[in-house]
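Notes follow the structure.
2 protein chains.
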Amino acid sequence: MNAPANRQWKLTARPVGLPKRSDFAFETAPAPDLADGQILVRNHYISLDPAMRGWMNDGRSYVPPVGLGEVMRAGAVGEVVATRHAGFREGDFAVGMFGVQDYAAADGGGAQKVDPALAPLPLFISTLGMPGMTAYFGLLDIGAPQPGQTVVVSAASGAVGALVGQIARIKGARAVGLAGGAAKCRYVTEELGFDACIDYKTDDIGKGLSKHCPKGIDVYFDNVGGEILDLCLARIARKARIIICGAISQYNSTEAIVGPKNYLSLLVNNARMEGFVVFNYAARYGEGLHDMAGWLKSGQIKSREDIVDGIETFPETLLKLFSGANFGKLMIKAV
Amino acid sequence: MNAPANRQWKLTARPVGLPKRSDFAFETAPAPDLADGQILVRNHYISLDPAMRGWMNDGRSYVPPVGLGEVMRAGAVGEVVATRHAGFREGDFAVGMFGVQDYAAADGGGAQKVDPALAPLPLFISTLGMPGMTAYFGLLDIGAPQPGQTVVVSAASGAVGALVGQIARIKGARAVGLAGGAAKCRYVTEELGFDACIDYKTDDIGKGLSKHCPKGIDVYFDNVGGEILDLCLARIARKARIIICGAISQYNSTEAIVGPKNYLSLLVNNARMEGFVVFNYAARYGEGLHDMAGWLKSGQIKSREDIVDGIETFPETLLKLFSGANFGKLMIKAV
């Protein structure tokens, strides 16, 4: 066959502050030829995640930065349209780090087959994908909430936060969320069943936390960093666990990162702050997927996706994450 | 008998910045009458510890603040000179939070008998006392260094730091210290057997850490906070453990506490920062004392005390801790 045209977003400059369209190039190339053992995937949904901002920076991290001139790294779910791998057939669906492009070549290790009969495709990059595993292992493995304890999560209407609170409730803990705006807060309490949600745009956050966490915060799942992390640190209970999953308030800062000035609260409360990268749990994803799929089926977990049409919108769509304009798991529909 | 005169240092003002003589009153009162179940202790050695600075502040912490007008809280070791408690005889020795004064009345729960034949009295408030237990449980329970791993400790010639490095070595780990001045650094490497010591007053601390921790820092036992904490965070290994034991660089700050701006290093390294208050390990002190006494006896652990004569010197002697002028465990000889 003639190689189909492959539109690709390449990183061409290291962003300073918020990423701009000019930090990327939107190019078209023929879809890649396959080597033995590879598959060609037509991306259907491309995941946009806060972590992508970190991957654009130079410097040592848990994965190498995206090189200048390389296709922007992103998780995606798509259809196998050509295969030189015995384990995949045309028409199969797979997830992997397929990048912000129409077509990706992947080897067997870089693609996981998924069953589209099990759930709608977008779920494989949300509740049954990286955000789901992040919420599951971060909360349960590091946070380990006990029945009756209070779990606070920021970005509570977002891909990870929404799941954290719902899993906390399933485990018998109380869930208190932080989200921006009345609509999101209503969604968090009424649809997702959190015990409370604080509107960080209009409420006094400290007062809200004190009111809804009268015995202190046992687990804080931090997606944002900055002031909210400090306000939570000031209200932790003895032996509290703070999961550092992200710091979206800091990712685009052009000044020095602001450290948590209340960190000595860890000392007086014998408490713990622990960083978390979901990729280190790859060997245990099966366990997480099993539970998450069960909870989805039983209706104990709800999932909401914010799907934007068209790969050409990538730079602007990505910014929705940093302004808080997305409502649910943000992704691009690529086909 | 006539009650002996009891000189006492009382906290009379909440210090702003470094404590001053005028924040205390030096008064003389008769030694207290004993109630049933109490003992009267003549303090011999009074422990001066960085934590005392925190106890002078108002606000929620792991122990209530010292009230204005109350005798300044301090650990001490002394002789039982009168007793209305069946478990203590005159001439016994005991440790407890006996305060900065000549005589203290204590009940059975507030005093632990010690055997002066086992070790010189000062050791019961250093290696066999709170600093010893702090080093032991903080390092082993939270830090859990494995053979061949690298343990970094600040204030390495101090009461706690010196023990942390020596215990790390006993457990087969490498020990890298930070101390102020050539004499202290020499002591840390030559007397205590650390693998290296960085002079924070004259060396480039970051370069020193990189040089002596080529595979990164597995355990950082933090007694100081501030810049050194950030420099260590920037150099942690995967799954590193940071023990927040103190933050002496911040205790007298009149500005906001400086938080660790490199805390996101916890995220990318799946690492952990955990606060530590030794009092929570009270039920396990026996275990720590057994090991520490054994290591002292076998010569695997050395102890150094900085003993200042005279309870009347208290406010000025205390300041040695914050200028780094003490060399070894600081205490006042009260008799």
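Sequence order for the protein chains is U and W. Per my numbering: the first sequence = residues 12 to 346. Per my numbering: the second sequence = residues 12 to 346. No residue lacks a Cβ here, since even glycine has one placed at the ideal position from N, Cα and C.
Short Cβ contact (7 Å threshold) for residue i with residue j
i	j	result
U:D69	U:R32	no
W:D210	W:C224	no
W:T265	W:G86	no
U:C208	U:A166	no
U:T39	U:R18	yes
W:G149	W:C256	yes
U:R95	U:D47	yes
U:V199	U:G188	yes
W:V92	W:R64	no
U:I50	U:A117	yes
U:V230	W:Y73	no
W:F104	W:V125	yes
W:P41	W:A14	yes
W:S276	W:L240	no
Exposed unless 16 or more other CB atoms sit within 10 angstroms - verdict on residue i
i	result
W:I318	exposed
W:S137	buried
U:V349	Because chain U in this structure spans residues 12 to 346, residue 349 of chain U falls outside the shown range and cannot be described.
W:G120	exposed
W:A115	buried
W:A194	exposed
U:E316	buried
U:A336	exposed
U:P30	buried
U:S334	exposed
U:S309	exposed
W:A267	exposed
W:V346	exposed
U:R295	exposed
W:D320	exposed
U:A97	exposed
U:E220	Going by the sequence as given, residue 220 of chain U is Leu instead of Glu. Under this definition U:L220 is a buried residue.
W:A16	exposed
W:L129	exposed
U:G297	exposed
W:L332	buried
W:G169	buried
Beta-carbon neighbours of residue i, restricted to chain U and to distances below 7 Å
i	result
W:N280	G286
W:N291	N281
Partners in chain W for residue i, counting only beta-carbon separations shorter than 8 Å
i	result
U:R283	R283, M284, E285, G286
Per-residue contacts from residue i into chain U (C-beta, under 8 Å)
i	result
W:K272	A267, I268, V269, G270
W:I255	Y274, L275, L277, L278
Residues that residue i contacts on chain W, provided the C-beta gap is smaller than 7 Å
i	result
U:S72	V279
U:A258	L275
Close Cβ partners of residue i (< 6 Å) along its chain, the five nearest in sequence each way excluded
i	result
W:Q311	I181
W:V82	Q19, K21, G110, Q112
U:A179	P156, V162, A186
U:G236	A258, S260, Q261
W:F338	D317
W:F135	V88, V106, V125
U:G183	P158
U:P127	F104
Same chain, Cβ closer than 8 Å to residue i, neighbours up to 5 away in sequence not counted
i	result
W:P133	Y56, V88, E316, I318, K340, M342
W:A36	W20, K21, T23
W:M141	S58, D60, G86, V289
U:E101	V91, V92, A93, T94
U:M108	R84, A85, G86, A87, G121
Other residues of its chain near residue i: CB distance less than 7 Å, five sequence neighbours each side excluded
i	result
W:E202	K313
U:F205	A167, G176, A186, V187, G188, V199
W:R246	L220, S221, C224, G227, I228
Short CB-CB distance (under 7 Å) between residue i and chain C
i	result
U:Y211	Structure shown: chain C not included; protein chains present are U and W.
Heavy atom of the ligand MN within 6 Å of residue i beta-carbon
i	result
W:G169	With respect to the ligand MN, the structure shown offers nothing to examine, as it has no ligands at all.
Quick one: any contact between the region 240–257 of chain W and the region 283–290 of chain W, if contact means 3 or more CB pairs under 8 Å? yes
Taking one C-beta from the region 301–311 of chain U and one from the region 264–278 of chain U each time, how about it: are there three or more such pairs within less than 8 Å? no
Contact between the region 167–178 of chain W and the region 133–150 of chain W is defined here as three or more beta-carbon pairs at a separation below 8 Å; is this criterion met? yes
Taking three-plus beta-carbon pairs below 8 Å as touching, is the region 151–158 of chain U in contact with the region 321–336 of chain U? Result no; under three Cβ-Cβ pairs closer than 8 Å.
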